[in-house]
Each structure stands twice: as C-alpha cells, then as structure tokens.
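Just below is one structure, and these are the notes that go with it.
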Amino acid sequence: MVNTSWERLLFGLWAVCGTSLVCLPTLAAPDPAVSGDRPELPASSHSASDLGQPAPLFSRSDFHPAENIAEPAAPSPLPTLTASPLPELSQLAQSASHAPDAPDAPDARVRATSPNAISPDLSTPDLSTDLIPPLVPTAAERDSLPHSSRTMSQVTSASELADVQPTDWAYRAVQSLVERYGCIVGYPDGTFKGQRALSRFEFAAGLNACLDRISELIAASTESLATTEDLAAISRLQDEFATEIALMRGRLDGLEARLAEIDANQFSTTTILRGSAVFSVADVFGDGDQNQTVFQHRQNLSLITSFTGQDVLLLSLYAGNAPLGSLDADPPYTGTFDLAGTELSANIGGADRSIKASTSEGTLSSAFAGQTGDALQALTLGYSFPVGDSVSVALAHSLAPFQLYAPTLNPYLDDQEGGTGAISIFGEYNPIYALAGGGTGIIVNFTPFGDTVKLTAGYLADGLAVGDPSPGSGLFNGGYGALGQLTVNISKNFSIAGVYVNEYSPSGRFGFNYNGLGVTGTAVANTLGGQDIFNSRIAGQQIAALDPSPVVTNAYGAQFNWQPSSRFSISGWFSTFYSRLIGKGDGNILTYALTFAFPDLGRQGNLLGLVVGAEPYLTAVGGDPQDFDVDVPLHIEAFYRYRINDNIFVTPGVIWLTAPNQSNDNPDSILATLRTTFLF
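Using UniProt numbering, the first residue of the sequence shown is number 1, and each one after it goes up by one.
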C-alpha cells in the first residue's frame, strides 16, 4: 500500500494538471465494505465464507453478533469491461502544441464519465478476489442507501461533500476540480471519503482512466485541453506506474473471459442451485445395547430464486435413509436407534400392539427428517420479501420450521441442518423451536431500531394436516404453533432473546418432533408419561395411540450468545413447557444447555464444539401416566469438524447420554459418529 490518501491523489493530480487539464472522471474512494466482499442472495446456500466457515443450507435473516440481520442484496448485471490502449504521448503533445490555451469555463462535455472507468460488478460469484476496487460507487452501495440520497450525481461545490471542509488542506484541490471541470462525483451519501488509503493499483486505475479521458477529449475537440508541460508530467506518472497498469489490464482480460463463461453456462438468470450430501457412520455403545453399526446418508437440494433482488423464494428438497423406527424388533420401537424408552399400547397398521417409544435423546443431525426411501421429497417451500426498511415477511409452506426464520443465537453449531454444525439436533438450537414441528404459515420480522432489536412473530399450521379439508385439520382448525420472540443485541458481542410458543397438538401429534419423528427429548416427555404417541408411519404402517388426547402447551424460553473473540463463542438456553393433556391433566417439561464453539481451531474453517445440557424431560404430569423417574438426563457432546477444503468437511463426534429416558436405572449410552459433508 502506498501511504497516501484519495485527497493526496486529488491534490497531486490537480497540481500536475494545473488549471487546463480535465482530470479524474468520476473518481471516488473505494469502500472496503464492497472492495473485499461481494453481495449475494441470502439463501439456502452452501459456499465457504471468507473466514472459511461453511454457509448454512437454508436462508434466514440472522441477528448480529450471533447472526447478522441483513436484507438480500440485489443481483447486478454482468459487467462489460473494456480497456483502451494508452494514448501515445507524442500524439497528445502534438495535439496540444497546436491548440490555444483552454478557456476558463469548462465545456459541458467535460462532465462526461469515461467509458473506461473501472467499476466491476462485485456481485459476480467467486470472482471478487480478482477485482480491482471500484473508482465509482457500485450498484450495491447505491442500493444500500436511502432512496433520497441515490439521486446525487456530480456535485457543484466542494461544500456539498460532508467530509471535505473549507479548513482542510485538500479543499482547494477538490474545489478546483469540482467547479472548474465538474469531474468529481461524491458517494451517494454525500461524502468524498478522502481519508481512505490508496494502493498503487488503485492509483494506476485512476491514472489510466484519466489518460483515456484525455485522449477522447483531444480527439473530439479542436480546443486545447492540455499543455505540453501537463503531458510531460503525466508521462512520468505513466512510466512509473506502467507495470501496475499492465497487470491491471491483464486482470481485466481474464475477468472478462471468466464472466463470459459464467454468462454462457449459468443455470438460471434468477435461480441458484445449492446442495449438500451428508454421510454418517454411527453406532451406540452401552450395557445391553443391541444396535448395529449403521451407514446413513442425507441429501439436500435447494433452489434459491430472487425476482427483485430483495426477495427470496426457497424450495428445499430432501432425501435420506435414517429410519423412524423398526416394526421387526421385539418389541417394535420408534426412533432412529433402539434406546431406552417407554412401552405403551398403540394401534399399528390397524391392529393393537405393544410398542416401545424410544427416547429421542441424541438424535443425529444427519437423521433430520427421517426416511424417504432415497426419494426426493419437498422439505421446505418459502417466500420472503421486505416490506419497507424494517419489516420482512416470510410465507412458509410444507414443513418449514420456526428456527429457519427466527434467530436461534447459537452460531457455528446451528447450521440450518447443513451437516457442518453440531452432530446432534439438540446441540443445534433450543428445543422450543421443535415443539411446533414444521408447518405452513407466516413469519414476520420487525427491526424498529436497526440491528439493536428484532421482533419475530409467526404462525405455522400443522404441515401434515394443512392440506386436509376434514374437521380438525386445515390451516386454522388443526394443529398449530404460534411464536413470539424478542431478540436484543446488547453489545457488539452479546445478544439475548426471549421466546414464547403457544401450541395446539391434535391427538397423537404432541412432542418435540419434525414430520412425526421425535428429534429431541426423552420418550417420557414426548409421550407425556406414556399417554400420547406420535402419529407417524413406520415401514408404511400407521402408528397411533389408542386413547390419545389433544394437548395445549404454553412454552417460555430464554437464550443468549456471547462472543468475546473471533475464536470463541458461548451460547445457552433454558425453556419450560406447561402442557395440558385435555381431559386428563397438566404436565411440566424442562430443558437447558450450554454450547461452546472454538472456530478455526488448528486450521481455518475447523471447528471444535461442545454441548452440555439436559434434553426435554418431564417433571410432572396429570392424568393416568405410567410410572416414570425424574432423573436429569444429561447430554454431553463433543465434535471436531475438520475442513479438507471449502466443500468437504469431516466431523468425528461423540455423545454421552446419562440417565437415558430420564432414569438412572437405564445404563448410560454413548453414540459415536463419523460424518462427512459435501457442499456444492
């Protein structure tokens, strides 16, 4: 970097050019916010971030610092970049020597912007590292400003620039260029940003634009636009920066070729395809364990579409082979593994049988959404769009969960089921979001004070019954979950949130589940002491409780995230659930946890994660429950994600479950897994 500034550049070129040279067409300082990052659609994407951390598969407006709140950035058209050859200085000098001195008043054509001014499109995927910082405000910068400030173009006086004062030493240079030639354009927010440092490549870009502009003006005019002394001074600058100019033009040639290839082979002008494939080898160890080592897989494909640049249409497809349970075991069981559980009577395929509801503790994130017979199924369909500057609306369909749209305040470990976060679903987010399962409805996010406060409100109807017109089903007459959340960014590194969920579960639909599969919590909690069971399907046969009752639940939760440094993050939550089994009695469920993340440990993109907590467990319930213990079922989890490259991650991990199914009489269970994730 050259230890200078844009003000120094202006002053230097003004001194070189004198009062007769048209210089610096639309020159403005580069903004690090755009010269280093590229805007892209906030979507359900899997691409390595600038810090080497994998991006989440799903999209949501994240809350800073745990999750940054950001509206979608408008996609920009692919640029057409040209670079004219440098003018021969001998020709310029000859033209100047036969022309009289330039008049005092600048001609109107002086205000024209050079067609060769470099303003590359930073929104082009994967090309930002090859781009030279822009000399004019980019489309992304203009779009980020209030509409009232976007209309500003050339300034007519240096006093219009908020950060250039008459007392500044550069005021005279700026004043001359503005009022004499009209060739300075401020940033759309009315600033000049003269305090920014200037690199040799940026200086070379500005010099090249000036030379191109001088060549055009001399070729198009019979009036003198430059003196021999001016051209001699520019010649020295051209010689000194010849290497940088040549390298810059070489970069532009390569960039044009890459942009042309992308334009010719792009999947869609409005849609991005992202995906992941997760493979997991897992087993359970413990006294009396009869589980076999399994090889499970899960694939996600997400189509992310934007029609306006501010909206996002997300279609997520899923395929997997993690079972919901087994009817061949003795007794049959529900769950991804045959762990400690609660035995109860159920109707299986039209016949009354005894079945064991296995605890959902330790459910692996790779088993999310269960068995599809390796066939792609629609998982989530949602459309989100802004309403004004502080409101965003999401219309969710199919099995969209609340945690997709509300800040969970658990960065690094909650990766939206992308296969790069915690190895268990419990380690990803507060189970309060899993209470309502997934469904169809609307979620509204309101940020009245910028990034400081975020209000989230949503309503999701039971996704499995929303299309059923029979009584007790549909959008408003069946099961539902209503969420309200207040998230506050207390400081740059500390955020807290309070969550409330009101849920109505039809008979056989209560539990911390997704698509009828219990994803977290003890079997005692998910069945309210054996009085309810998931209405789900195993091996094509419907499973239902014999004497189920609807359940109404009011849940209250609190959570936080603290990031004292970029290498350490701690999150935690506590939730309590008051559930009424209608006609039978009331119950209470508790859950809490602390999570620790150590990003970039050992290598950029690696992650060490720790989880210590208690999955949802039942403390008391009315009605006629089975006998159950109220021992605290600890969940202790450790994993280490190793980044092979930006698209491949290998994660070994282990989960230790004490007092499975909330009983110390059950032997501890240890789940071990080796997960490999491919992002594309």
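Beta carbons: idealized from backbone N, C-alpha and C, even for Gly.
Test item: CB-CB of residue 294 and residue 304 under 8 Å: no
Proximity below 8 Å, CB of residue 652 to CB of residue 639: yes
Selected residue, minimal CA-CA separation from residue 552, among 612, 506 and 272: 506
Beta-carbon proximity of residue 560 to residue 495, cut-off 8 Å: yes
For residue 582 and residue 550, believed in contact at Cβ under 8 Å, the rounded distance: 5 Å
For residue 589: DSSP bridge partner residues: 577 and 618
Identity of the residue in 411, 618, 575 and 387 nearest residue 567 by Cα: 411
Nearest residue (CA-CA) to residue 454, options 446, 372 and 265: 446
Per-residue DSSP class, three states only, for residue 641: strand
Candidates 379, 590 and 281: closest to residue 400 by CA position: 379
Where residue 429 sits in the DSSP three-state scheme: coil
N- and C-terminal bounds of the beta strand (DSSP E) containing residue 503: 494–505
Cut-off 7 Å between Cβ atoms - residues of its own chain near residue 420, not counting five sequence neighbours on either side: 54, 641, 649 and 677
Spatial neighbours of residue 634 in its chain, beta-carbon cut-off 8 Å, leaving aside the 5 residues before and after: 612, 613, 614, 656, 657, 658 and 659
Residue 450 vs residue 465 beta-carbon contact at 8 Å: no
Burial state of residue 680 (16 or more Cβ within 10 Å): exposed
Buried versus exposed, by CB contacts within 10 Å (16 or more), residue 691: The question about residue 691 has no answer, for the chain in this structure spans 1 to 680.
Bounding residues of the alpha helix (DSSP H) (the contiguous stretch that carries residue 509): Per DSSP, residue 509 belongs to no alpha helix (DSSP H) and is neither H nor E.
Rounded separation between residue 431 and residue 341 - CA only: 19 Å
Buried or exposed by the 16-neighbour rule on C-beta atoms within 10 Å, applied to residue 664: exposed
Closest Cα partner of residue 407 within the set 275, 484 and 274: 484
Distance, residue 292 Cα to residue 71 Cα: Only weak support exists for where residue 71 lies, its pLDDT of 38 falling under 50; the value from the coordinates is given anyway. C-alpha separation (whole angstroms): 46 Å.
Pairwise C-alpha distance: residue 263 and residue 253: 15 Å
Residue(s) in a DSSP beta bridge with residue 462: 439
In DSSP terms, what residue 609 is bridged to: 597 and 639
Segment contact flag, the region 362–371 with the region 456–464, C-beta cutoff 8 Å, min 3 pairs: no
Distance between beta carbons of residue 522 and residue 372, contact taken as under 8 Å: Wrong, their Cβ atoms sit about 26 Å apart, outside the cutoff.
Of the listed residues 499, 610 and 440, nearest to residue 468 (C-alpha basis): 440
Alpha-carbon to alpha-carbon, residue 363 and residue 323: 11 Å
Contact check, residue 587 vs residue 618, beta carbons under 8 Å: yes
Range covered by the beta strand (DSSP E) that runs through residue 482: 480–491
Span of the alpha helix (DSSP H), counted from its first residue to its last, around residue 263: 242–265
Residue 564, DSSP secondary structure in three states: strand
For residue 417, the nearest candidate out of 452, 524 and 297 (CA to CA): 297
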